Each structure stands twice: as C-alpha cells, then as structure tokens.
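Scroll down for the structure; my scribbles are underneath it.
Number of protein chains: 2
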Amino acid sequence: MYTIGQVSEMFNLPISTLRYYDKEGLFPGIERQSGIRKFSERELEALRVIECLKKSGLEIKDIKQFMAWCVEGASTYPNRKKLFETRKAIVEAEMVKLQKTLDMLKFKCWYYETAIRDGNEERLNEMAPDRFPKEIQELYDNAHS
Amino acid sequence: MYTIGQVSEMFNLPISTLRYYDKEGLFPGIERQSGIRKFSERELEALRVIECLKKSGLEIKDIKQFMAWCVEGASTYPNRKKLFETRKAIVEAEMVKLQKTLDMLKFKCWYYETAIRDGNEERLNEMAPDRFPKEIQELYDNAHS
DNA sequence: CATTGACATGAAGTTAGGTTTAGGTGTTAC
DNA sequence: GTAACACCTAAACCTAACTTCATGTCAATG
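Residue numbers (the numbering used here), protein chains in the order written: chain F, 69 to 213; chain R, 69 to 213.
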C-alpha cells in the first residue's frame, strides 16, 4: 500500500494529477484510511494502463469507461479486448505518420548541412529530387508521399 | 498561385486554421491581391514544414521563429540545422516510447483473448510473467521496462 | 440588381487536461 | 504544545491551438 506522495514519486507524476485522475473516476473503489488514499497494486496497474491508453490518444472520459468495465467483471472482456485492438490499430497508424515526420526531419538536416557547405540554397533549389543522393531521395519520397 | 480555399482542400485543413497560422506569422511575406491571400509554392512548402514541426511537438511560436529565420537568409542556416537536429532526436525518442505503448497494447490484446477463453482472469493473475508464451513475454518486458 | 459564394476582419468562445489557491486535518519531532 | 509535514477538498485558474461569431467586401450569375 502506497500514499499519493509515494505513487507520485514512482510514476513521476504531480500529486495534483493523481487527485485529478481519482476525481475523474480513474481509480474506482480506491481504498481510504481516514480520508487518505491508499494505492494498492491494483491502482498501480491502473496507472500503467492509464499512461498507455493516454499515449494511444484516448480521452480521460473513455479511460474512465474502461475502468468501469473492469469493475463490472467478466461480461465486459469483449469490450475491453476490442478497445485495446482499436487503440493498437491507431498507434500503428501513428507510428507510420511519425516515421514520415522523422524522414522529413532527416531530409531537412541533410538540406541545411548542404546549404551550409554551399553557402546558399541555389544549387539545392535547382536540383530535381531524383538527383539527391539515393538515401536522401528515399527520405524525401517517404516524407512527401 | 492558390486561394485559401484551394489550400484548405489540398492539405485537408480548415480555412480558419490557415488564417490563424497567417495571423501567428507562419507565412511571412505572403502575397495578397486586393486583400485576398495568394498561396504560392513557397507557402505550400512552409505548410509542409509546419505540419512536420508541429508533429514533432514544436509550438506555433517556435515555428514562427523558424519562418523568421528563413526570411533572414543564409546567416541562419546553422540555427535551422540545429532546430531540425533537435526535433529529430525528440521524435526518435518519441518513437521508442510509442513502441512501448504498442507492446503494452499488444500484450493487453493477448491478455483479454486469454481471459475470454478461460472465462476469467484467475489463471492469468496467478501466472508469473516468465510463464507467458515467449513472444508475449517480450512484449510484456518491453512495455514494463 | 439582388442573390450567391468565396473571401476578409477582430473579438469572443471552446476544449482537454491539468494546476493553483485557499483553507483545513492529522501525525510525528523536538 | 507547537512546528513541520503530508495529506485533504472545492473552486478558480491556466494554456495552446483552434473555432465561431458578427459583420463586411467583392465578383459572377440568373
């Protein structure tokens, strides 16, 4: 059993955030001893799932729904499975987009290295994309597709 | 040359967003014909960079700074190069985190598939992580590291 | 020549996800 | 017995990035 301060340290989250999550119903049935929250292993696992679902782009109110399903029991296994499958697909799509962003950034790094070497962008701006070095062209193509 | 409506279609962005970006100084020196914005290839490339930098987590005010550097000329190449290198490092770190999130989601998908087959979570909750199937254990380990 | 549709403006409104503030309780240390 | 801490609440506040609103201009169409 942990206090809110200990959990705050463990997860590197402000105490105010943990209280906010609790107020939003993200720790249904959390125990209290004379008003003070007692975080058990159940709440720590909830917090791991909260961070994961948040990172997947899920809103707090929908995370609350998930936590309610957990309380409801075995009848909601299909809902919970479907939720994770949807989030998985969304994050996979997000990874593809982020890879494009990364390729654009890498291209721009090369672009400015070259501009610095040349002293200007003239040669670069007159160069057709198919005359970039092969690996740079791949970055450019992925970033612009 | 394109109107704001055409650019809105091309980039799938609301017109209000394009006007907001202009107001924030993200299209320095955009041309106007009797009050109406004329988007040239320069503004389209700016927009591509805006989307890329935004996705990398950069704030509008810092994107504005970048656009100001572009106007300033060759003396700011080092600043611009450094900006892209920093964003690149940030996005690479983000990709690692997102992969962990994805592994957690995949683990949870397996977890609920198994719970549905078992009809309950009892066996799962008593199972030590090192008794999960090998590929599941890898997901679990990466997600919890 | 009036209506439609695309453009323009400044100012106010919206939203999510917290954070801060003001005031209070309870336990341990000196 | 008082000072320092860690905890508590409700309510107000904050921020970024848009979005909506009220109002107006202008060109082409029926």
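Every residue, glycine too, gets a C-beta built ideally from N, C-alpha and C. The model shown is predicted, which means the values in this text are computed figures rather than measured ones.
Determine the direct distance from the alpha carbon of residue j to that of residue i, and round the result to whole angstroms.
i	j	result
K91/F	R199/R	37 Å
I128/F	E206/F	39 Å
E140/F	K156/F	23 Å
W178/R	P201/R	10 Å
L192/R	R185/R	11 Å
A161/F	S213/F	15 Å
K174/R	I83/R	38 Å
Q74/R	T154/R	33 Å
W137/R	N147/R	8 Å
R116/F	N80/F	12 Å
A142/R	K176/F	15 Å
Y145/R	L121/R	17 Å
R110/F	E194/R	14 Å
D130/R	Y208/F	24 Å
P215/F	S102/F	Nothing about residue 215/F can be read from this structure; chain F reaches only from 69 to 213.
Counting only the same chain and skipping the five closest in sequence on each side, list residues whose C-beta sits under 8 Å from that of residue i.
i	result
M78/F	Y70 and L112
Let me know if residue i comes out buried or exposed under the rule of 16 or more other beta-carbons within 10 Å of its beta-carbon.
i	result
T169/R	buried
Y88/R	exposed
S124/F	buried
V164/R	exposed
D171/F	buried
K149/R	buried
A114/F	buried
A211/R	buried
Quick test of your reading: residue i and residue j, contact by CB under 8 Å. State the CB separation rounded to the nearest angstrom.
i	j	result
K132/R	L166/R	That pair is no contact at about 27 Å.
Y180/R	F134/F	Incorrect: roughly 11 Å between the Cβ atoms, too far for contact.
A196/F	E189/F	About 15 Å separates the two Cβ atoms, so there is no contact after all.
I72/R	R105/R	5 Å
I98/F	F107/F	7 Å
For residue i, which residues in the same chain have their Cβ closer than 7 Å to its Cβ, ignoring the five residues on either side in sequence?
i	result
S76/F	P82, I83 and L86
L126/F	R155
E203/R	none
R100/R	K106
Near-chain F residues of the segment 133 to 158 of chain R - C-beta to any C-beta below 8 Å: A142, Y145, P146, R148, K149, F152, E153, R155 and K156
Residues, ordered as in the chain, of the segment 166 to 184 of chain F that lie near chain R by beta-carbon distance below 7 Å: L166, T169, L170, M172, L173, K174, K176, C177, Y180, E181, A183 and I184
Residues from the segment 187 to 209 of chain F in contact with chain R, defined by Cβ distance under 7 Å: G187 and N188
Contacting positions in the segment 115 to 127 of chain R - beta carbon closer than 7 Å to chain F: C120, K123 and S124
Residues of the segment 69 to 83 of chain F with Cβ closer than 8 Å to any Cβ of chain R, in chain order: none
Residues, ordered as in the chain, of the segment 94 to 115 of chain R that lie near chain F by beta-carbon distance below 7 Å: none
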